[in-house]
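In what follows, a single structure is set out as structure tokens and then discussed.
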Amino acid sequence: GVKVVRGEILKAYRAAGGPGSLGYPTVDEGPTADGRGVVTSFQVGDIFWTPRTGAHVVRGEIRAAYRRAGASGGYLGFPITSDQVTPDGQGRTTSFAGGTIYWSAATGAHVLRTELNTAYLATGGTTGTLGYPVSDTSVVAGQQRADFQHGTLSAP
705 GVKVVRGEIL KAYRAAGGPG SLGYPTVDEG PTADGRGVVT SFQVGDIFWT
755 PRTGAHVVRG EIRAAYRRAG ASGGYLGFPI TSDQVTPDGQ GRTTSFAGGT
805 IYWSAATGAH VLRTELNTAY LATGGTTGTL GYPVSDTSVV AGQQRADFQH
855 GTLSAP
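Just so you know, we're using the numbering used here here: the sequence shown kicks off at 705 and counts up by one.
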């Protein structure tokens, strides 16, 4: 049936390439579970909007990882960027209030919480010696840790 897409989400949908990129809407635009924003789901992505963050696209395996982390109601919060190609051109990334998700065909999608992502970027990120994350951030005794293609990184 017909689904409603409007306002800033419609603008973001068009800017992202519309049905050729995200597919068609699968639900009407509606409030997020916490009521702080609005979301519309499409066949291969979601667009979230809040007055503070604006409208941002979360798609593909990054969307699946985001949903596993609780989506906008989880520790990542709302997206603050739409998905974009990584600096090395081999993957995609989306940033959120509480971290960043990286994806590559070789590694899949993995979540780095903010503090660990800051340390990762200081090593060069996807163009650095560690490569892409191969695990989500784990937190043990207050330390954040993740495994990468070529090493492990920890941060307080």
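Yeah, the Cβ is synthetic: ideal placement off N, Cα and C, and Gly gets one too. It should be emphasised that the depicted structure is a prediction, and the values quoted were computed from it without experimental measurement.
Please go through the same chain and pick out, in chain order, the residues whose beta-carbon is closer than 8 Å to the beta-carbon of residue i, but skip the five residues on each side of it.
i: residue 788; result: 796, 797 and 798
i: residue 740; result: 754, 776 and 782
i: residue 833; result: 827, 854 and 855
i: residue 768; result: 813
Got a sec, what are the start and stop residues for the alpha helix (DSSP H) residue i sits in?
i: residue 777; result: Residue 777 -> no alpha helix (DSSP H), and no H or E assigned at all.
Quick one: what's got a C-beta closer than 6 Å to residue i's C-beta in the same chain, skipping five residues either side?
i: residue 807; result: 765, 766, 795, 796 and 813
i: residue 851; result: 838 and 839
i: residue 859; result: 819, 820, 823 and 848
Classify residue i as buried or exposed, calling it buried when 16 or more other Cβ atoms lie within 10 Å of its own Cβ.
i: residue 848; result: buried
i: residue 732; result: exposed
i: residue 817; result: buried
i: residue 824; result: buried
i: residue 763; result: buried
i: residue 844; result: exposed
i: residue 761; result: buried
i: residue 729; result: buried
From the DSSP output, read off the bridge partner residues of residue i.
i: residue 734; result: 743
i: residue 720; result: Residue 720 pairs with nothing; no bridge assigned.
i: residue 726; result: Partner(s): none; residue 726 has no beta bridge.
i: residue 858; result: 849
Note down, in chain order, each residue of its chain lying with its Cβ closer than 7 Å to the Cβ of residue i, except the 5 sequence neighbours on either side.
i: residue 708; result: 732 and 733
i: residue 748; result: 726, 727, 763 and 764
i: residue 758; result: 712
Exercise for the section: Pick out the complete alpha helix (DSSP H) segments inside the segment 788-855, 4 residues or longer, and give them in chain order. Expected result: 818-826
Practice task
Ignoring anything shorter than 3 residues or poking outside the segment 740-774, list the beta strand (DSSP E) runs there in chain order.
Solution key: 742-745, 749-754 and 758-763
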